[in-house]
Amino acid sequence: MDLLSLGFTRRSIDPAYAKTTAGKHSSLTIKPCIMIQFDKGPGAAFVKHFAALPDHTDIKNNFWYDWGPVFYRGRLDGSAKIILVASDPGPTERIAGRTLVGNAGQRVQGFLQKIGLTQSYTCVNGWAFALHPSHLGDGIKLLSRPDLTTWRNKLFNMLKKPSLQAIVAFGDVAKKTVQLWDTKGNIPVFETYHPSYHSGGAAGEKKMLTDWNRVVTALRGIITPDEGAATNKPLYGDKFAEQDYAAIPALDLPFGIPDWFGNDAFFRKKRGMNSVSRPSPDDGHTLLWKAPKFN
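Just so we're aligned, residue 3 is where the sequence shown starts under this note's numbering, counting upward by one.
In structure tokens, the structure reads:
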């Protein structure tokens, strides 16, 4: 049994994109026609800024603090046409050191495909640390703390390049985060539900996807599609279908991540959602990382 029969898809590389991004990302040719691409990490300016994240010690009880921060996924080279803002990193994000790579991230990747983007995007969160859901209200209030607002807004300003065409805020933390960015100018901002929104069962999912369709439809009139990207993928139905998910590209992940990482189709088929989870009860220091069983 191979990966494809279990619902996985091979991560393909667009040759035209590979030519135009020389020096921006790392790639290794290991044999003729087989190329491995990966994200080599942030450049010096972003490293310096990430290292200057304000101290969270006095508010650490709101977070899975000891796991440390996760900062981004996608392009930091000025080529992003859209900034996607979510809430905070989950367990899967901690494994990769990249945000929005778990089940929610694969929903976002499918969202990106529906607007014709395959690589020209940046994903960030309102919080770099994983926020306890029970502390959501406090987390939203704390976003306004001056040192945190200044740090986040500087990050956004570093990402705000001429190529930027839109911003999407997924969920309440993201909405507040983007509202606090006072130098975003006239870049169109779309506020919608977080990809992990579950309130109201089937009715809530339908409400969420109806709003996602609103945003996708509007963005199709704003975003310049990436070269070779499909622009006619179907909108969402009343609930998520497997076709609405997309695997996280290898280009977004650090070198050494397993080939199946970022594609949880196997786990969705088995009535799970993510390859990484927390134990129950949660001790705050343990993650469970499960590989697909291929045989």
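For glycine and all other residues, C-beta sits at the position ideal for the given N, C-alpha and C.
Go ahead and pull the three-state DSSP assignment for Trp153. For this step, residue 153 is matched to residue 151 along the sequence shown. Secondary structure at Trp153: helix, using DSSP grouped into helix, strand and coil.
Among Ala82, Ile259, Gly118, which has the Cα closest to the Cα of Asp309? Residue 309 cannot be examined here, being either before or after the span of the chain that is shown, 3 to 297.
Contact check, Tyr247 vs Arg75, beta carbons under 8 Å: Indexing the sequence shown from 1 puts residue 247 at position 245. Indexing the sequence shown from 1 puts residue 75 at position 73. The answer is no: Cβ separation not under 8 Å.
Using alpha carbons as the reference points, say which of Arg280, Leu78, Gly206, His200 lies closest to Ala46. Residue 46 sits at position 44 when you count from the first residue of the sequence shown. Nearest option by C-alpha distance: Leu78.
First through last residue of the beta strand (DSSP E) which encompasses Leu78: Translated into the one-based positions of the sequence shown, residue 78 becomes position 76. Segment: none, Leu78 is in no beta strand (DSSP E) and carries neither H nor E.
Quick one: what's Phe192 bridged to in DSSP? For the purposes of this step, residue 192 is taken as the residue at position 190 of the sequence shown. According to DSSP, which records beta bridges pairwise, Phe192 is partnered with Val170.
Can you list, in chain order, the residues of its chain with a C-beta nearer than 8 Å to that of Leu166? Leave out the 5 residues immediately preceding and following it. Here residue 166 is taken as the residue at index 164 of the sequence shown, counted from 1. Excluding positions up to five away in sequence, the list reads Ala82, Lys83, Ile84, Ile85, Ile189.
To the nearest angstrom, how far is the alpha carbon of Asp140 from that of Lys235? Walking along the sequence shown from the start, residue 140 turns up at place 138. Walking along the sequence shown from the start, residue 235 turns up at place 233. So the alpha carbons of these two residues sit roughly 39 Å apart.
In DSSP terms, what Tyr123 is bridged to: Working through the sequence shown from its first residue, we reach residue 123 at position 121. Under DSSP, the beta-bridge partners assigned to Tyr123 are Ile84.
Where Val110 sits in the DSSP three-state scheme: Mapped onto the sequence shown, residue 110 falls at position 108. Val110 carries a helical assignment under DSSP once its states are collapsed to helix, strand and coil.
Round the Cβ separation of Thr124 and Leu161 to the nearest angstrom and send it over; I've been treating them as touching at under 8 Å. Position 122 of the sequence shown, counted from the start, is the residue given in the question as residue 124. Position 159 of the sequence shown, counted from the start, is the residue given in the question as residue 161. At roughly 5 Å, the Cβ-Cβ gap stays under 8 Å, so Thr124 and Leu161 are in contact.
So Trp66 and Phe172 are in contact, right, with Cβ under 8 Å, and what is the actual spacing, rounded? Along the sequence shown, read from residue 1 onward, the residue named residue 66 stands at position 64. Along the sequence shown, read from residue 1 onward, the residue named residue 172 stands at position 170. For a cut-off of 8 Å, the C-beta gap from Trp66 to Phe172 is around 20 Å, too long to register as a contact.
On a CA-only basis, which of Ser279, Ala220, Ile259, Ala204 is nearest Phe242? Give me that one, please. The residue given as residue 242 occupies position 240 in the sequence shown. When only C-alpha atoms are compared, the closest one is Ala204.
Throw me the rounded Cβ distance for the Tyr238 and Leu211 pair, which I believe falls under 8 Å. Here residue 238 corresponds to residue number 236 of the sequence shown, with the count starting at 1. Here residue 211 corresponds to residue number 209 of the sequence shown, with the count starting at 1. Tyr238 to Leu211, Cβ: 4 Å. Contact.
Suppose you measure from the CA of Thr151 to the CA of Phe40; what does that come to, to the nearest Å? Taking the first residue of the sequence shown as position 1, residue 151 is located at position 149. Taking the first residue of the sequence shown as position 1, residue 40 is located at position 38. For Thr151 and Phe40, the distance between alpha carbons rounds to 31 Å.
Mapping the DSSP letters down to three states, classify Val218 as helix, strand or coil. On the sequence shown, position 216 is the one that residue 218 refers to. Here Val218 sits in helix by DSSP.
Name the two residues that bound the continuous alpha helix (DSSP H) containing Val49. Your numbering for residue 49 matches position 47 in the sequence shown. That run of the alpha helix (DSSP H) goes 46–53.
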